[in-house]
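Taken in order, the sequence shown gives residues 1 to 154; the numbers are from full-length UniProt numbering. Glycine included, each C-beta is placed from N, C-alpha and C at the ideal position. Computed from a predicted model, the values in this text were never measured in an experiment.
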Amino acid sequence: MMIDNRDRRILTILQTNAETPLTDIAEQVALSPSACSRRITRLREEGYITNTMTLLDRQKINLPTTIFLLVKTGIHTEDYLTHFHSAVNAIPEIVEVHRLTGNFDYILKLVLPNVEYYDTIYKQILRRVAFHDMSAYISMETVKLSPSLPTAYI
Numbered sequence: 001m002m003i004d005n006r007d008r009r010i011l012t013i014l015q016t017n018a019e020t021p022l023t024d025i026a027e028q029v030a031l032s033p034s035a036c037s038r039r040i041t042r043l044r045e046e047g048y049i050t051n052t053m054t055l056l057d058r059q060k061i062n063l064p065t066t067i068f069l070l071v072k073t074g075i076h077t078e079d080y081l082t083h084f085h086s087a088v089n090a091i092p093e094i095v096e097v098h099r100l101t102g103n104f105d106y107i108l109k110l111v112l113p114n115v116e117y118y119d120t121i122y123k124q125i126l127r128r129v130a131f132h133d134m135s136a137y138i139s140m141e142t143v144k145l146s147p148s149l150p151t152a153y154i
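Right, dumping it as structure tokens:
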């Protein structure tokens with residue numbers, strides 16, 4: 001089904017706060033609550049909305065430190081890739097992993113209680129997976145952090 005501007009606006013509102021009351025969403029998009037509810041149900045059924053989650057305050061849960069790891073594996077077999085993916089998924093402090101082009105194969109984002117704890121995670125990675133090179137970069141400041149995706153391209 002086609003996505004229109006009301007659908008885009010609903011998606012934007014829900015990305016900002018998934019707990020926004022249905023009546024407020026309906027008012028903002030100029031629909032009745034029942035019509036708005038039907039649209040939200042359709043957006044879920046069609047896969048535009050995949051999950052609803054709660055974002056935690058990293059300071060309050062004692063994970064204020066962000067470290068990015070650039071990893072060069074040196075191995076590119078299917079078995080190694082499967083093993084690497086399993087290994088990084090087993091470490092909860094690794095919250096994002098992206099496969100890259102260029103000089104490094106992956107970038108990993110870690111959230112930690114402090115810089116010193118990085119050594120613990122480093123040793124966990126060493127025990128689980130072989131790699132050729134790894135460089136760590138400590139984030140000094142988060143300039144932008146947005147879990148919301150632009151809806152203009154739908």
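Would you kindly check if the distance between the Cβ of V95 and the Cβ of M134 is under 7 Å?
no
DSSP has residue 155 in a bridge; who is on the other side?
Because the chain in this structure spans residues 1 to 154, residue 155 falls outside the shown range and cannot be described.
Cutoff 7 Å; reference P33; Cβ partners in own chain excluding five residues on either side
L22, T23 and A26
Span of the beta strand (DSSP E), counted from its first residue to its last, around D133:
D133 to I138
If you draw a straight line from the C-alpha of F104 to the C-alpha of S148, how long is it?
27 Å
7 Å Cβ cutoff met for T50 and N114
no
Rounded Cβ spacing between R6 and L31 (contact assumed at less than 8 Å):
7 Å
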